[in-house]
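Colleague: Numbering of the sequence shown is given in the working numbering, commencing with residue 24 and proceeding in unit increments. Backbone N, C-alpha and C fix where the C-beta goes; we use that ideal spot for every residue, glycine too.
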Amino acid sequence: MTFFTTDLCDEHPQLLEEGLLHALPPVFRRFGQRASFSGRATTLKVFEDNALVRSTLEAPGNGNVLVIDGGASLRRALVGGQLAVLARDRGWAGIIVDGCVRDSAEIDACDIGVRALATHPQRSGRSGAGTRNERVFISGVAVNPGDWIYADLDGVLVAAQKLD
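#1: How about serine 78 and tryptophan 171: are their beta carbons less than 9 angstroms apart?
#2: Can you confirm whether the segment 49-69 touches the segment 113-126 when touching is taken to mean that 3 or more C-beta pairs between the two stretches lie within less than 8 angstroms?
#3: Please tell me whether glycine 122 and leucine 140 are closer than 9 angstroms, where the distance is taken between their beta carbons.
#4: Would you call alanine 82 buried or exposed, if buried means 16 or more other Cβ atoms sit within 10 Å of its Cβ?
#5: Taking the alpha helix (DSSP H) that leucine 89 belongs to, which residues open and close that run?
#6: Would you grab the beta carbon distance between glycine 94 and arginine 125 for me? Rounded to a whole angstrom, and I think it's under 8 angstroms.
#7: Which same chain residues end up closer than 8 angstroms to serine 96 when comparing Cβ atoms and leaving out the 5 residues on each side of it in sequence?
#8: Report the CB separation of isoleucine 135 from arginine 57 in whole angstroms; it is logged as a contact under 8 angstroms.
#9: Classify threonine 25 as helix, strand or coil using the three-state DSSP reduction.
#10: Can you find the residues in the same chain that come closer than 7 angstroms, C-beta to C-beta, to proline 49, ignoring five residues on each side of it along the sequence?
#11: Taking only the alpha-carbon atoms, compute the straight-line gap between leucine 186 and leucine 43 and give it to the nearest angstrom.
#12: Locate the alpha helix (DSSP H) running through aspartate 131, then write down its first and last residues.
#13: Between which two residues does the beta strand (DSSP E) harbouring alanine 116 extend?
#14: Are the beta-carbon atoms belonging to glycine 55 and alanine 128 less than 9 angstroms from one another?
#15: In or out: asparagine 87 buried (at least 16 other Cβ within 10 Å) or exposed?
#16: Would you kindly work out how many angstroms separate the C-alpha atoms of arginine 149 and histidine 143, rounded to a whole number?
#17: Between the Cα of glutamate 157 and the Cα atoms of Val137, Gly151, Lys68, Leu75, which residue gives the shortest distance?
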């Protein structure tokens, strides 16, 4: 599917007005070889712990986008090169991280789309704390499991429905 987030905003002003389409604030950096990606959201809420991230990415992605509410922590990375490769191999379209990634060169060499706030060399904890498939807030924007994510060079959109 070819799309441009700018065109989606222009073509759906009513959805923007009604709050059924939102643009994430422009605070996310781009990683990975896929400049554009889209898919249904699978959501996680974790804080400085990526065990649930790994177990989620081990499941078939079916073209979905993993949206991780990491509490905007800039103290540890939630996704690294190994998880990017796992996501690619398991069929995930992309990953949005409200937090940090590491191994950015490895992620950039991978055919996956990733957006994150920053890089950080320290890995996260691995206790397994967190929740899956609940409403999360990414930079103040609500993301529900099953929402549609559209990301390209101009930004990231969250839509309550699939957009044509």
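Modeller: Taking the structure as given:
#1: Translated into the one-based positions of the sequence shown, residue 78 becomes position 55. Translated into the one-based positions of the sequence shown, residue 171 becomes position 148. No. Outside cutoff.
#2: yes
#3: The residue labelled residue 122 in the question sits at position 99 within the sequence shown. The residue labelled residue 140 in the question sits at position 117 within the sequence shown. Yes; because the gap between Cβ atoms is below 9 angstroms, this pair is in contact.
#4: Within the sequence shown, the letter at position 59 stands for residue 82. Alanine 82 is exposed by the Cβ-count criterion.
#5: If you number the sequence shown from 1, residue 89 lands on position 66. Counting along the chain, leucine 89 falls outside any alpha helix (DSSP H), though it belongs to the beta strand (DSSP E) covering 88-92.
#6: As a working note, residue 94 is residue 71 in the sequence shown. As a working note, residue 125 is residue 102 in the sequence shown. With 8 angstroms as the limit, glycine 94 and arginine 125 do not qualify as a contact, their Cβ atoms being about 17 angstroms apart.
#7: Start at 1 with the first residue of the sequence shown, and residue 96 comes out as number 73. So the qualifying residues of the chain are Phe70, Glu71, Gly122, Cys123.
#8: Residue numbering aside, residue 135 sits at position 112 when the sequence shown is read from its first letter. Residue numbering aside, residue 57 sits at position 34 when the sequence shown is read from its first letter. Yes, isoleucine 135 and arginine 57 are in contact; Cβ-Cβ is about 6 angstroms, under 8 angstroms.
#9: As a position in the sequence shown, residue 25 is number 2, starting the count at 1. DSSP places threonine 25 in coil when its eight states are reduced to three.
#10: Residue 49 sits at position 26 when you count from the first residue of the sequence shown. Contacts found: Gly178.
#11: Mapped onto the sequence shown, residue 186 falls at position 163. Mapped onto the sequence shown, residue 43 falls at position 20. Whole-angstrom Cα-Cα distance: 11 angstroms.
#12: Stepping through the sequence shown from its first residue, residue 131 is reached at position 108. Note, aspartate 131: alpha helix (DSSP H), 127-131.
#13: Start at 1 with the first residue of the sequence shown, and residue 116 comes out as number 93. Here alanine 116 belongs to no beta strand (DSSP E), and DSSP marks it neither H nor E.
#14: To locate residue 55, count along the sequence shown from 1; it is residue 32. To locate residue 128, count along the sequence shown from 1; it is residue 105. Contact: no.
#15: Locating residue 87 in the sequence shown gives position 64, where the first residue counts as 1. Flag for asparagine 87 reads buried.
#16: Here the question's residue 149 lines up with position 126 in the sequence shown. Here the question's residue 143 lines up with position 120 in the sequence shown. In a straight line, the C-alpha of arginine 149 is about 16 angstroms away from that of histidine 143.
#17: Taking the sequence shown and counting its residues from 1, one reaches residue 157 at position 134. Minimum Cα distance to glutamate 157 is reached at Lys68.
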